[in-house]
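Quick notes on the structure that follows.
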Amino acid sequence: MSDTDDAGADDAVPGRVRGAVRDHDAVADDPADGELVVTSTPFDGRIAVAEADDGRIEFDVTVTVPTLSAVVADDVADVVEDGWLDTFERRIATIGDVTTAGHDLDPTVERAGDEVVVAESLRDLNERRGLNDAVAVVDYVEGTYVQGVIPGYEYGEPVSGLISRARAAGGSDGF
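No gaps in the numbering here: position 2 of the sequence shown is 2 in full-length UniProt numbering, and each next residue is one more.
Structure follows, in structure tokens:
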């Protein structure tokens, strides 16, 4: 990538948001393709940021996670895959108030092949609070995904790493 390309990607992030990004430990301070990359998750969590007409900052959050069948070593029956996805969608829909600003959240969940894409948008006058809330949405998707992991399957990355991390944090040897 040339210096010109770097500047163009950085220009996609409004100036007042750049300081919040530099200070945030869960967001890469170099935008990828004009989107902020959330580094606190092994999933593809991205935030597109733009100035809204009303002076607020708009944060468009997209999190891409693998389907169950994409991360297990064994075959997954269609009925299990469909049930897993249905449960994941229902859990995501109950996102509740994970944001400090109390945004009215109504995320979308769409399957795209071996991936599931969760999308949500929020606006805030305060760029730091808005960025924190956007990252909270990404973290919620990760936590919801981990809740839906079905015991009895042999998982590959990134799920096996998430399970190991959860076990270590919870002090549990079994799953």
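Beta carbons are placed, not taken as given, at the ideal position from N, Cα and C, and that holds for glycine.
Local conformation of residue i per DSSP, three classes
| i | result |
| --- | --- |
| Gly-152 | coil |
| residue 178 | Residue 178 lies beyond the range of the chain shown here (1 to 175); nothing can be said about it. |
| Arg-22 | helix |
| Ile-57 | strand |
| Asp-78 | helix |
| Asp-124 | strand |
| Val-13 | coil |
Buried/exposed call for residue i, threshold 16 Cβ in 10 Å
| i | result |
| --- | --- |
| Ile-57 | buried |
| Leu-125 | exposed |
| Asp-75 | exposed |
Nearest candidate by alpha-carbon position, reference residue i, set the options
| i | options | result |
| --- | --- | --- |
| Asp-25 | Ala-101, Arg-165, Ser-40 | Ser-40 |
| Val-109 | Pro-42, Thr-144, Pro-31 | Thr-144 |
| Pro-158 | Thr-67, Gly-152, Pro-14, Ala-28 | Thr-67 |
| Arg-91 | Gly-15, Gln-147, Val-63 | Gln-147 |
| Thr-62 | Val-38, Ile-95, Asp-114 | Val-38 |
| Gly-130 | Asp-44, Ala-48, Asp-33 | Ala-48 |
| residue 181 | Tyr-153, Val-149, Leu-162 | The requested residue 181 is not part of the displayed model; the chain covers only 1 to 175. |
One or two residues paired with residue i in a DSSP bridge
| i | result |
| --- | --- |
| Gly-45 | Val-38, Val-63 |
| Thr-108 | Ala-119 |
| Glu-51 | Ile-57 |
Exercise. Quick one: any contact between the stretch 16-32 and the stretch 77-94, if contact means 3 or more CB pairs under 8 Å?
Worked result: no
Exercise. Are three or more beta carbon pairs between the stretch 67-76 and the stretch 164-171 nearer than 8 Å?
Worked result: Using a Cβ-Cβ distance cut-off of 8 Å, the stretch 67-76 and the stretch 164-171 are not in contact, since fewer than three pairs of beta carbons, one from each stretch, lie closer than that value.
Exercise. Per the contact definition of three or more C-beta pairs closer than 8 Å, is the stretch 97-114 in contact with the stretch 127-142?
Worked result: yes
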